[in-house]
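Q: Just dropping this structure here.
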Amino acid sequence: MKYTRTNLKKLEDLCQQIGYKVRYEQGHFQSGYCRVEARKILIINKFFDVEGRMNCLFELIPILPIDSSVIDEDALKNYQKIIDLKPQEEELTVS
């Protein structure tokens, strides 16, 4: 998946369909993001560029609880792409 504003918007829409709100704010998070579980909010460092924002969402989306019945078909395809990317990244870090 290329790092474009369009793809970032698709990831934000996917999070919204899952039930999470994505916000970009200034904060003191070492990983670049914060997950507020009780309120279903994902807070990402507002100073990140598109690539940094997408990478945070790539890390967060696979660990979010998901109900595939509430997600439209396009968002489900994007979710599957993200899940498929995760094992490839893990293989690269192990090698």
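Counting from -6, one number per residue, gives the positions in the sequence shown under our numbering.
Yeah, the Cβ is synthetic: ideal placement off N, Cα and C, and Gly gets one too.
Would you call the segment 11 to 20 in contact with the segment 56 to 68, where contact means no fewer than 3 C-beta pairs closer than 8 Å?
A: The segment 11 to 20 is in contact with the segment 56 to 68.
Q: For Lys14, which three-state DSSP category applies?
A: Along the sequence shown, read from residue 1 onward, the residue named residue 14 stands at position 21. Strand at Lys14.
Q: Could I get the ranges of all uninterrupted alpha helix (DSSP H) runs contained in the segment 19 to 64, with 4 residues as the minimum, in chain order?
A: Whole alpha helix (DSSP H) segments, 4+ residues: 43 to 53.
Q: Once DSSP output is grouped into helix, strand and coil, what is the label at Thr(-1)?
A: For this step, residue -1 is matched to residue 6 along the sequence shown. Helix, per DSSP.
Q: Which value, in whole angstroms, describes the spacing of the CA atoms of Leu7 and Lys74?
A: Taking the first residue of the sequence shown as 1, we reach residue 7 at position 14. Taking the first residue of the sequence shown as 1, we reach residue 74 at position 81. Distance between the alpha carbons of Leu7 and Lys74 is about 12 Å.
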